[in-house]
Structures are given as C-alpha cells and as structure tokens.
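Chains as they are written, first to last, in our numbering: chain A, 685 to 1090; chain B, 572 to 1003.
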C-alpha cells in the first residue's frame, strides 16, 4: 500500500504504556502520521526494563496494532530511551583558527565541534545526543554558522546527553529480539519537545516537561537550541504509590482513585469530604478522606516541579523560559496541573498538543502520544528525503528549498 | 614496637611486629609520607628523602635526608633521573644509615621525576643489603605528563623490581576512572595518593596486628615478586549488619579492579580481612567465596585479623598479581651499565642474587612455602565448605518506611532524599 522506504516509526517503551507511531513522508516531503499502536506496559519500572520477556510481549502488541492500522510492515524504529541514569550537560569546545587569512573553513567548524564533543565520561556511559548550540567567534556570541567568516578563536557549545550504555542497550536488545532494526536511540524528552514546540517557541525559550508514568523528562530550549535536559525517575507511578501508602489501599485501587479524584492543587471544597470505596457488588468497603488524597498528590507534584525549578535555577535558565512551560505525558491530564506549574515556574503554561505537525488526526493528538510522535519527527529529520519520481516533483522540491522552511 | 631495633634477627617472623621504616622519596613520596603522620602509623620510623629543600621544609617528618650536590645548587634534580641516581650513589652511606636496623622498609615514591625515579632503586638496594625486606609503593605518571617522564618511570620501575622484594605500583592513569569532568587537579592527586595509602594501610595492618589467620610478609613478597608490575590492589571498608555483602559489592565495583577483570586475569591473590571480634565465620566465608569465584585459576592467600577497636567495621585488602612474561635481563643490564655511564664511579653491580646477601633474601624458604600452602589449604577452601549451608539465610529488613512498588528498584536519590518514599511522609504531613 505505502512505499515502505518512506515510513518512519517511533517506538516509546514507557513505564505505563508502550506506544508505536508510524509516520509517512509524502512526495512533497511533508510528514504524515498514519497509524498508532499502543499497549499497556508490563515489566517496565521508572522508564527502564526490569522484566524483558514481559515487556517484549507488550512491545509486540503495540507494534502489531500499529502495523494493522496502517497495513504496513515495520522494519526499523527510532527508539526512545529514558531513565534516571540519563544526564545532560553543556560543554564548550575551543579551536584556534591557524590559517593566514583567518578565514573559517568547514574543517575549522568540524574541528571545534569535535573538541566540544571530547568529554570525560565515566567508562560505562555513552553519548546519546550531542546537540550543537551557538558558535562564538572571538567572544562574539550567537553565531549560527561561522563558515566563511573571519576570526581567530572559534568556540562552540555542545549539549551532550549521555547515559549508561548497558541500561540503554537493554531496550535496544529487546527490540532487536522482535526482528526490528533500531535506527537510532533518542532521548524521550527531546522527542517530546520536538513534537510540542514550534520553532517560534524554541526561539522564545521554553521548558517542556514530560510527566510520564515512571520518569519525568524535561528539556529547555533557548534561542532555538537545546540548552538543558534532565530526567527525574519520578512519575505518575509515584503518585499512585504515595496514595496507596498514605490511604492504605492496594495499588490498583490507588491508581483508580488518582484518576477519579486526583488533582494537582487541593480543592477548598474537599475539606472534610470523604469518599466511600465499594467492591464490585457495590458494598462499601472503606471510607477515605478526600482532603488527604488531594494533599498527598499535590505535595508530590509540587515537589517534582520544585526540583525541576531549582535545577533550572542552578543552570541559570529560569529567566529564559518565558515562552512558556509545556506539559505533556499522562501527567498533563491531572486537573489543575497547569495552575500548579504556573505558580511554581511563574510562566505561562500550556498543556501538550503538538504544535509542529500538520495533518494529525485529533484522536492522535493526545499528551500521552507526544513522545512517540516526536520520535517520528526526529526520524523524519534524520532520514534522507525520498527521491521523488519524475521531473515535475523534482522541480517542486527544488523550489521548496528556496521557500522558508517551517 | 621492638625496642631492640639494631639486631637484624628475623625475630619478627615469630612475634609479628617487625621494625618498620617508611621512607618517602622525592616530592611525591615526602608528601605521601606526610599523610602517614597519624597515630595509626606511630610505630613506624618515617624518613623523608629529597633533593630539594622546599619539599623537606613542609614535611613534619622527624628524620629528613637532604641529598645535595654542588652541581645541583639546591634546586633538586631538575627532573633528571640520572642525576638522582648519581646523587644517591654518592650518598650511599647516608642512605645505608637511614635503613639500618629496619626489618621491613616500605618505600613511597612517585616515579617519573628525578628524585623518585633516580633515588628509589638505590634506596631499595641499600635497604635490602642492610638486611631488610623491601616493599616499594610507587605511582606511575599520568599519560599527559609526557613521554619522557613515563619512560623514566618505566625504567626506574624495572630497576626497583630487580632489587626490591615487592613492588606495588599504581599507574596514575587508572585514577581517571575515579574522577569526572569537574575534579580538580589537587583532588585527583589526592585520590591517587589515597589509593596508595590504602594499600600501605592494608599492609601495615597485616604486619602489625596479630592475625587469626596470619599472612607473613614473606608470603606477600613472594606473591608480588616476579609478577607484573601493575599488580592491582584494593582496600575497601564497610560497617553495619550487611557489611560482608557491602564489602564485596564495593570490591567488585572498585575502579582499579576493572569490574573484576583484574581478578579474573590474575595468577595470585592475597586477601586480608580485618574486623572487630564480632567477625563471624559466615562473613569470612561470604567474602572469600565471592572472591575465589572471580578468580578460579589464581592462587589465593587469605588472612584474617581481629581488632577490638573495629567494632562493626570490616575491611578487606586485596592484592593481585599477574605473571608477566619476564622482560629479559634488561632491568639488570640497565642497572649494571648505568652508574658507569653517569659518573664513571666504580659501583658494585647489583644483581639480586641470593648469595650476595643471604640474610636479606626474603625469598620464600622451603619452610615458608610449606606453611603457605598449608595455610591456603586449611583456610581458604576448607573454611568455605564448612559454612556453605548457612550461606543462604538472608537478614530480614526491618525498615519503618516502605517504598511500595519501588522497594526493589534502584532508589531515586535527589540531594540526599529518597524520592521513592512518599513526599507527604518525608514532609511529615499528619494524616488523621
């Protein structure tokens, strides 16, 4: 049905669900999301696989569902990774331009980037991404492409995201067991940001918080480039666990209570209120204090945001996120979460809807799916554009190149 | 300490407390020596040897030897090992008097510079000639210090190996695994220094504390002699009820052991445990079982020491050695030729021949060999078998805070707080 060479698949193995999204690059080079498959995840904790056979089964379900929806066969995927071991930091590379005319060549640019990339990582870690930020030429900041300019000292900042190799290989191995190729591994937070932010928002400065089941990934864009990334191995699971612990109910019940009564900001009206939980025969089992439920939950969320805030403060990035805070992941569904984020970050807050993809069915535009959609978007940026057949489309892409890119 | 230090009898082999001299050589050695100025090492005679006055000035060591020659104008050797060597040869008499009376001489030096690389081989030789067991603790320079220094260090190491009874060598480059992007240079050197000091501490404990299962120093020397220079050592410590498990964990994660690779490849291992009198056989067994499992081919020597002051603490010192392909007679050659080349001074050719100094030769006598084999047979595998049945029983955790579904997970620690524990619980929110 579709030309499979133009298919791009994003696979996110999340803590609460596994999500596979298929995108297609049409003849005009635009990206279309054509299918989505998902399955509740088992054998995953805090974004990392703890029971490979169980998780493998779930991944298979999600992949099959997506394949059936699009009626294609998936051969390779862009795989999202996360986990408490993933870290990001920015490193500056310096290069002295040695030619007589001080003209900066392509070699100088590649040298300076190489210098910035040469960092001292722990032996067991490997780099997931190295995102080039802006160049500095003789101390002049904000240069996006120094090639052809004149100067003697070229510097560049590179944001490096790295993690423990073996732990990332676990999910790669799992996908390979299903006879799928892994094109590239991508940090989930970056994928979410790609799906969420338009280039204007990236330019203005934005914080993307992906509140997942097991981890919370966050990414800061300033002046159009990634400035900061982070992972906290705390997510929706922790809220359920807190509720189960505090209200003395089983985890499955706590999960339901969270969805039904949960809120990010305690409600004045809930004071003194109580909930009666019933068994399947509608007989009352237990009475719970609604106020406690709400406070347990809001304390956890507040702490989570505070940790992110203090991390940004340390990185001196807090003043730069005035473009807004964008929340996605299952956590974006918590009532009043935007209100809580607004009071903590003192910036406008928006809940995640993809702002950068056209032609997406509204059924797919849910905050939970953003990471997987972002993975597809990442893939489309990395894959070569398909060679259009015939002369006319060729001409069209030629002109497209001169048109402003979205 | 033994008051009668002058008698070079091997009395210490029976009493277990030898006269020990620790000699720090060169700037690095002197500053390492400085760290040993604690009560723990009070029984040792410390001697600082250097070629430049400033490094000796900062030292608090009572015995300081400044090797000086007119040609150097008090500026040290200028990083030239040949000068250091010549200087040491000139002052053999002084060095000899410094080593006199010691039964064990521990040398501390950072190889690569002039004093450390040049003087250490001479001191080792002199000490051995005066009838002491010589164990050298040296560091090799970082790769970035340049190839001249590393060549000097390697040549010096070969010379020391030829004359000393044992060499424990820490290539500084290995410390890279212990540091990260933000570690300062000062901290890095402190880390490498600390690693070396741990080894010394381990050996010190071995020699000075009465052992339940004794390891003789001769055993140790036999272990490190003729083996690869880059023998690996590790010293770990833990306390509390789960200490034996913790110790093993730390040991296997020890950066110098290369994730246990060093253990798997080595030919001989010495394990020394030290704990309070509450040390149980099961604990010894647990530690030894894990270690021997890692190195099935190797010869394992094991010792255990009990010190009442060590309540609830357990420390393990591990030294491994690898048989290396003997690097030909090259080291001897260098030693034989070198002095002649430098000063034209007639120096006795130094070859570690047993006949030259029979009293000093610490090679394992047949008796010691027998003892050691017996020791290995008795304590390592036998002890393990005895307690095998009890091994499986685990300690019941009695925590008041449950982490629910995250109990078995790797904890998420943020600024010292375990985020897996419910927030309301940590904040002390009342629920009633």
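Every residue, glycine too, gets a C-beta built ideally from N, C-alpha and C.
Can you tell me whether residue 738 of chain B is buried or exposed, with buried defined as 16 or more other CB within 10 angstroms of its CB?
buried
Which residues in the same chain have their Cβ closer than 6 Å to the Cβ of residue 701 of chain A, if we skip the five residues on either side of it in sequence?
722, 724, 725
Between the C-alpha atoms of residue 840 of chain A and residue 985 of chain B, what's the straight-line distance to the nearest angstrom?
31 Å
Using a Cβ distance threshold of 8 Å, determine whether the stretch 832 to 848 of chain A contacts the stretch 1026 to 1039 of chain A, with at least three qualifying pairs required.
no
Which term fits residue 962 of chain A, buried or exposed, when burial requires 16 or more other beta carbons within 10 angstroms of its beta carbon?
exposed
What residue range does the alpha helix (DSSP H) around residue 733 of chain B cover?
718 to 734
Whole alpha helix (DSSP H) runs in the stretch 613 to 691 of chain B with 4 or more residues, listed along the chain?
624 to 629, 652 to 661, 663 to 670
For the stretch 696 to 714 of chain B and the stretch 615 to 628 of chain B, state whether three or more C-beta atom pairs, one from each stretch, are separated by less than 8 Å.
no
DSSP beta-bridge partners for residue 591 of chain B?
B:675
Uninterrupted beta strand (DSSP E) stretches inside the stretch 790 to 823 of chain A (no shorter than 3 residues)
809 to 821
In terms of residues, what are the limits of the alpha helix (DSSP H) holding residue 1161 of chain A?
Because chain A spans 685 through 1090 in this model, residue 1161 of chain A falls outside it and cannot be assessed.
Span separating the alpha-carbon of residue 853 of chain B from that of residue 1063 of chain A:
55 Å
Under 8 Å, Cβ to Cβ, is there at least one residue of chain A near residue 823 of chain B?
no
Strictly below 7 Å CB to CB, what residues from chain A border residue 994 of chain B?
926, 983, 984, 987
I'd like to know whether the C-beta atoms of residue 878 of chain A and residue 1058 of chain A end up nearer to each other than 8 Å.
yes
DSSP state of residue 817 of chain B mapped onto helix, strand, coil
helix
For a minimum of 3 consecutive residues, which ranges assigned as the beta strand (DSSP E) are wholly contained in the stretch 827 to 865 of chain B?
839 to 846
Test: residue 980 of chain A CB closer than 8 Å to a CB of chain B
yes
Given that a residue counts as buried once 16 or more other Cβ atoms are within 10 Å of its Cβ, and exposed if not, what is residue 883 of chain A?
exposed
Secondary structure of residue 863 of chain A, DSSP reduced to three states:
coil
Classify residue 703 of chain A as helix, strand or coil using the three-state DSSP reduction.
strand
Contact criterion: CB-CB distance below 8 Å. Does residue 869 of chain A meet it with respect to chain B?
no
Check the C-beta distance from residue 815 of chain A over to residue 909 of chain A and give it rounded, since I have them as a contact under 8 Å.
7 Å
Across the stretch 720 to 728 of chain B and the stretch 659 to 676 of chain B, are there enough close Cβ pairs to call them in contact, namely three or more that are closer than 8 Å?
no
Residue 841 of chain A by DSSP, collapsed to three states: which one?
strand
Within 8 Å of any Cβ in chain B, is that where the Cβ of residue 918 of chain A sits?
yes
So which residues on chain A does residue 792 of chain B lean against when the C-beta distance must stay under 7 Å?
Near residue 792 of chain B there are no residues of chain A at all, since even the closest Cβ is about 32 Å away, more than 7 Å.
Compute the Euclidean distance between the alpha carbons of residue 791 of chain A and residue 775 of chain A, then round it to the nearest angstrom.
20 Å
Interface residues of chain A facing residue 977 of chain B [CB-CB closer than 7 Å]
925
On a CA-only basis, which of A:834, A:835, A:818 is nearest residue 827 of chain A? Give me that one, please.
A:818
Determine whether the Cβ of residue 929 of chain A lies closer than 8 Å to any Cβ atom of chain B.
yes
Return yes when the Cβ of residue 891 of chain A is within less than 8 Å of the Cβ of residue 904 of chain A, no when it is not.
yes
Which residue marks the beginning of the alpha helix (DSSP H) containing residue 598 of chain B, and which one marks its end?
597 to 605
Using alpha carbons as the reference points, say which of A:848, A:764, A:777 lies closest to residue 821 of chain A.
A:777
At a Cβ cut of 7 Å, what residues of the stretch 767 to 800 of chain A count as close to chain B, listed as they run along the chain?
768
Considering only residues of the same chain and omitting the five flanking positions on each side of residue 591 of chain B, which have a CB-CB separation below 6 Å?
615, 675
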